[in-house]
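18 is the number that full-length UniProt numbering gives to position 18 of the sequence shown; each next residue is one higher, with no gaps.
Structure record follows, encoded as structure tokens.
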Amino acid sequence: SNMGAKNHAIIMPDASKDATLNSLVAAGFGAAGQRCMALSTAVFVGDSKL
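Next comes the structure, spelled out in structure tokens:
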């Protein structure tokens, strides 16, 4: 059976807001969460905000 994974995204303070949001949505929901590489955790570093 496929146990999946906990895949993380690291968001740095100088990240582009639009590009980051698009990438997070695509990584988390691009395959409706049905692939083992789907994003499950986002870590915001320093003063990063969306």
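Every residue, glycine too, gets a C-beta built ideally from N, C-alpha and C.
| query | result |
| --- | --- |
| Enclosing beta strand (DSSP E) for S40 [first to last residue] | 39-44 |
| Inter-residue CB distance, M12 and S48 (contact presumed, cutoff 8 Å) | 6 Å |
| Bridge-paired residues (DSSP) for A27 | Answer is none; A27 lacks a bridge partner. |
| Those residues which DSSP pairs with N7 across a bridge | L39 |
| Span separating the alpha-carbon of F29 from that of S16 | 20 Å |
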